[in-house]
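J.:
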Amino acid sequence: MFKVNVVLLFLFFHAVVLPQYITTDTVYIGFDPDTLIPVNYKVLSVTDKRTVHPNLVSYSQKKRLLVIPVDQELLTKESLAELIMKGFQKASGQRDTLVLNINYFMIDRYKGHLSNPYLLKADIPVFKLENYDTLPVGTLIYNYKYPVPRKKSKNPQVCQTLLEKWYMEFKLDLMATTGYIHNESPAPENLIIKTLKRSEFLNATVAGTIGLNFWQVEGELYFTRPETEKRHWFLGNIVRYQHTSDFEMIGFGKKSEHFASRVNERWVFEITSNLLAGYMKWKEIRDIKLYHLIQVSLSSAQTISFNRTNENGLQFKGGLFENVYYVIGMNPKIQAGIYLNIGYKF
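Plus 19 on top of the position in the sequence shown (first one is 1) and you've got our numbering.
(1) Please state the DSSP three-state secondary structure of residue 113.
(2) Classify residue 349: buried if its beta carbon has 16 or more other beta carbons within 10 angstroms, exposed otherwise.
(3) What's the C-alpha gap between residue 179 and residue 49?
(4) What separation, rounded to the nearest whole angstrom, lies between the Cα atoms of residue 287 and residue 106?
(5) Under 8 Å between the Cβ atoms of residue 340 and residue 320?
(6) With DSSP collapsed to three states, give me the class of residue 189.
(7) Helix, strand or coil: which one does DSSP assign to residue 42?
(8) For chain D, is any of its Cβ atoms less than 8 Å away from the one on residue 315?
(9) Assign residue 173 to one of three DSSP states: helix, strand, or coil.
(10) Looking at the secondary structure, which residues open and close the alpha helix (DSSP H) in which residue 206 lies?
(11) I need the straight-line Cα distance from residue 300 to residue 225, nearest angstrom please.
(12) Could you compute how far the alpha carbon of residue 129 sits from the alpha carbon of residue 103?
(13) What three-state label does DSSP hand residue 197 in the structure shown?
(14) So, helix, strand or coil for residue 364, using DSSP?
(15) Give a yes or no on whether the C-beta atoms belonging to residue 127 and residue 197 are separated by under 8 Å.
(16) Check whether the Cβ of residue 327 lies closer than 7 Å to any heavy atom of the ligand NAD, and answer yes or no.
(17) Could you tell me the distance, in whole angstroms, from the CA atom of residue 101 to the CA atom of residue 316?
(18) Could you give the distance in angstroms between the alpha-carbon of residue 131 and the alpha-carbon of residue 158?
(19) According to DSSP, is residue 101 part of a helix, a strand, or is it coil?
(20) With the cut-off set at 8 Å, would you say residue 236 and residue 227 are in Cβ contact?
(21) Within its chain, find whatever has a CB closer than 8 Å to the CB of residue 64; leave out the 5 residues flanking it on each side and keep chain order.
(22) Using 8 Å as the Cβ pair cut-off and three pairs as the minimum, do the stretch 67-80 and the stretch 92-101 touch?
(23) What first and last residue would you give for the beta strand (DSSP E) that runs through residue 242?
(24) Applying the criterion that 16 or more other CB atoms from any shown protein chain within 10 Å of the CB defines a buried residue, is residue 291 buried or exposed?
(25) Is residue 264 buried or exposed, if buried means 16 or more other CB atoms sit within 10 Å of its CB?
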């Protein structure tokens with residue numbers, strides 16, 4: 020009888036819970052592409068190379084019946100390629116004909132420790148049409164930030180505003196690109212000439228720290244966008260093992276936040292902050308209570324990193340590490356040590 024009840028419970032659980040993850044709502048948003056900014060180039064075509072719905076610009080989530088999370092697809096009313104094309108129909112004094120692709124386009128939310136802006140991320144290769152040949156110029160890379168409005172706005176409204184603000188900048192970037200083609204002006208900062216194989220780099224790292232009365236190792240995975248600015252932020256997931264004279268600890272963090280400031284094409288100054296929850300194994304258990312098995316820690320590392328701009332390859336980091344950890348019923352403690360890190364950017 021027990022086994023029958025378990026099976027029925029299992030089936031009921033899947034019948035109730037599983038649909039909340041496969042139910043998807045569609046929300047259409049308005050997007051009026053700018054037609055007022057004059058341009059001196061012609062866009063012959065815009066081709067969407069993505070493998071998703073041609074109208075897709077973002078994903079969101081809402082609560083149904085207050086508790087059931089339902090995914091939402093945010094779509095433009097017309098295809099994204101058609102809407103982008105609309106803003107170039109009134110070109111005047113054309114001297115260049117351009118062909119555009121959309122390799123990647125997505126709006127999402129950066130959920131950092133202190134800031135939570137919306138991000139429009141896009142990769143748009145640009146080609147020049149010359150004698151019936153399409154010659155590659157470069158790829159316009161966007162990591163366009165939009166601060167969260169003070170007045171609470173719904174995701175569709177934010178996405179519409181963000182699209183319209185980005186589009187005006189996009190038209191001006193194309194104008195700067197045509198000036199670069201004719202050697203009349205430098206290339207815009209977000210025009211990357213080298214060919215990019217993917218929209219994001221996967222970074223896998225392993226680090227070790229040696230300090231007074233402790234040592235630790237940790238692993239981290241995170242994605243980074245192609246760099247277009249000297250300073251940028253990104254998030255990762257981390258797992259850490261620490262050994263001290265009193266205990267061993269394994270901790271996990273879902274929001275390892277990195278601030279990177281590029282020094283040159285090879286070197287980066289980086290500050291990393293982590294909030295982890297960990298499980299502790301005490302060496303002396305005589306006075307240990309159940310709640311002493313959980314640790315919360317806040318750590319930071321300041322490093323100099325060998326990391327080539329927008330290229331795959333090995334990464335090396337070295338610097339300082341600090342950590343403050345707290346166990347319920349005990350005083351907070353501080354740790355410091357030397358931090359070394361090695362990884363690979365795929």
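Glycine residues also receive a C-beta, built at the ideal position from the N, C-alpha and C atoms.
The model shown is predicted, which means the values in this text are computed figures rather than measured ones.
T.: In brief:
(1) Per DSSP, reduced to three states, the secondary structure at residue 113 is coil, with no helix or strand assignment.
(2) It counts as exposed.
(3) Distance from the CA atom of residue 179 to the CA atom of residue 49, rounded to whole angstroms, is 6 Å.
(4) Distance between the alpha carbons of residue 287 and residue 106 is about 38 Å.
(5) Their beta carbons are under 8 Å apart, which means residue 340 touches residue 320 by this criterion.
(6) Of the three classes helix, strand and coil, the one that applies to residue 189 here is helix, per DSSP.
(7) With a pLDDT of 45 at residue 42, under the threshold of 50, the modelled position of that residue is not reliable, and the figure given next carries that caveat. The answer is coil: DSSP assigns residue 42 none of H, G, I, E or B.
(8) Included in the structure is just one protein chain, with no chain D present.
(9) Three-state result, residue 173: coil.
(10) For residue 206, there is no enclosing alpha helix (DSSP H), as DSSP marks it with neither H nor E.
(11) One C-alpha to the other measures close to 23 Å.
(12) If I take the Cα positions, the gap works out to 25 Å.
(13) DSSP places residue 197 in helix when its eight states are reduced to three.
(14) Per DSSP, reduced to three states, the secondary structure at residue 364 is strand.
(15) With a cutoff of 8 Å on beta-carbon distance, residue 127 and residue 197 are scored as not near each other.
(16) The model depicted lacks the ligand NAD and carries no ligand whatsoever.
(17) The alpha-carbon atoms of residue 101 and residue 316 are separated by roughly 50 Å.
(18) Spanning the alpha carbons of residue 131 and residue 158 requires a straight line of approximately 28 Å.
(19) Judged by DSSP in its simplified three-state form, residue 101 adopts helix.
(20) Their beta carbons are under 8 Å apart, which means residue 236 touches residue 227 by this criterion.
(21) Cβ-Cβ distances below 8 Å link residue 64 to 104, 118 and 119 in the same chain, with the five nearest sequence neighbours on each side left out; the list follows chain order.
(22) Flag = yes, the stretch 67-80 and the stretch 92-101 touch.
(23) That run of the beta strand (DSSP E) goes 233-243.
(24) By the neighbour-count rule (16 or more Cβ atoms within 10 Å), residue 291 is buried.
(25) Under the 10 Å beta carbon count, residue 264 is surrounded by fewer than 16 other beta carbons and is classified as exposed.
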